[in-house]
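Trainee: Under this note's numbering, the first residue of the sequence shown is numbered 631, with each subsequent residue one higher. For glycine and all other residues, C-beta sits at the position ideal for the given N, C-alpha and C. If you're wondering where the values come from, they're calculated on a predicted model, not measured in any experiment.
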Amino acid sequence: MSVTIIVAVCGAERAIGRGGDMLFHLRDDLRHFKALTTGHPVVMGRKTYESLPRRPLPGRLNVVITRNGEYALPEGAVRCASLEEALATAAHAEGGEETFVIGGGEIYRAAMSVADRLVITEIPADAPADADTFFPEISAEEWTVADATETVCDSATGVPFRVVTYRRR
Numbered sequence: 631m632s633v634t635i636i637v638a639v640c641g642a643e644r645a646i647g648r649g650g651d652m653l654f655h656l657r658d659d660l661r662h663f664k665a666l667t668t669g670h671p672v673v674m675g676r677k678t679y680e681s682l683p684r685r686p687l688p689g690r691l692n693v694v695i696t697r698n699g700e701y702a703l704p705e706g707a708v709r710c711a712s713l714e715e716a717l718a719t720a721a722h723a724e725g726g727e728e729t730f731v732i733g734g735g736e737i738y739r740a741a742m743s744v745a746d747r748l749v750i751t752e753i754p755a756d757a758p759a760d761a762d763t764f765f766p767e768i769s770a771e772e773w774t775v776a777d778a779t780e781t782v783c784d785s786a787t788g789v790p791f792r793v794v795t796y797r798r799r
């Protein structure tokens, strides 16, 4: 099984969220996210799951990490107590040969040591001053750029972004 972290980051600070929500909603990037993750399990923390506008995300098993053993989830989502349990569950699910970790900050930090690939949407703007969640630093000693798109502007918002894919060295 390969583990891919997928995230949108803003600025040199690698800001990813504010008040439990994403900093930017880029229609084109969300389409890219859907195209990559559909048919594969997605692993996330409870707060990320609760922030989704549509729960569970359709067309993929939603694996939700929570310490609350009573946390109820609908069909299409399963609860796990740890990242290790979540990845083992995802590995046995349909499409589990590739699992996507989709947030939040604490889950990203834990998954960095087991990920094989990073798909990072870079938004070249200063992070909002009230951003409160950040992505870990990407070490050049551990990761190498495998691919990068040209910077384009989102068709709905005009916000510029590019997608950089990293592979573990």
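Which residue comes first and which comes last in the beta strand (DSSP E) that contains Thr781?
Mentor: On the sequence shown, position 151 is the one that residue 781 refers to. Unbroken run through Thr781: none, as it is neither H nor E.
Trainee: Going straight from the alpha carbon of Asn698 to that of Glu780, what length do you get?
Mentor: For the purposes of this step, residue 698 is identified with residue 68 of the sequence shown, where counting begins at 1. For the purposes of this step, residue 780 is identified with residue 150 of the sequence shown, where counting begins at 1. Their backbone Cα atoms lie some 42 Å apart in a straight line.
Trainee: Would you mind listing the alpha helix (DSSP H) stretches within the stretch 648–683 that are 4+ residues and don't spill past its ends, in chain order?
Mentor: 657–667 and 676–681
Trainee: If we ignore side chains and look at the alpha-carbon of each, how far apart do Arg792 and Ala761 end up?
Mentor: Taking the first residue of the sequence shown as position 1, residue 792 is located at position 162. Taking the first residue of the sequence shown as position 1, residue 761 is located at position 131. One C-alpha to the other measures close to 20 Å.
Trainee: State the start and end residues of the unbroken alpha helix (DSSP H) segment that holds Leu717.
Mentor: Numbered from its first residue, the sequence shown carries residue 717 at position 87. Per DSSP, Leu717 belongs to the alpha helix (DSSP H) from Leu713 to Ala721.
Trainee: Arg685 lies in the alpha helix (DSSP H); which residues open and close that run?
Mentor: On the sequence shown, residue 685 is found 55 positions in, with the first residue counted as 1. First-last for Arg685: undefined, no H or E at that position.
Trainee: Can you tell me which of the three DSSP states Ile636 falls into?
Mentor: The residue labelled residue 636 in the question sits at position 6 within the sequence shown. Look at Ile636 here: in three-state DSSP terms it is strand.
Trainee: Taking the alpha carbon of Met674 as the reference point, which residue from Pro790, Ala755, Val794 and Ile635 has its own alpha carbon closest?
Mentor: To locate residue 674, count along the sequence shown from 1; it is residue 44. Of the listed residues, the one whose Cα sits closest to Met674 is Ile635.
Trainee: How long is the line joining the alpha carbons of Leu691 and Glu724, rounded to whole angstroms?
Mentor: As a working mapping, residue 691 is identified with position 61 in the sequence shown. As a working mapping, residue 724 is identified with position 94 in the sequence shown. Looking at the two C-alpha atoms, the distance is approximately 8 Å.
Trainee: Over the uninterrupted alpha helix (DSSP H) stretch that includes Ala707, give me the two end residues.
Mentor: On the sequence shown, position 77 is the one that residue 707 refers to. Unbroken run through Ala707 is the beta strand (DSSP E), Ala707 to Cys710; no alpha helix (DSSP H).
Trainee: Is Val731 closer than 8 Å to Val633 when the C-beta atoms are compared?
Mentor: In the sequence shown, counting from the first residue as 1, residue 633 sits at position 3. In the sequence shown, counting from the first residue as 1, residue 731 sits at position 101. In contact: Val633 and Val731 (Cβ atoms closer than 8 Å).
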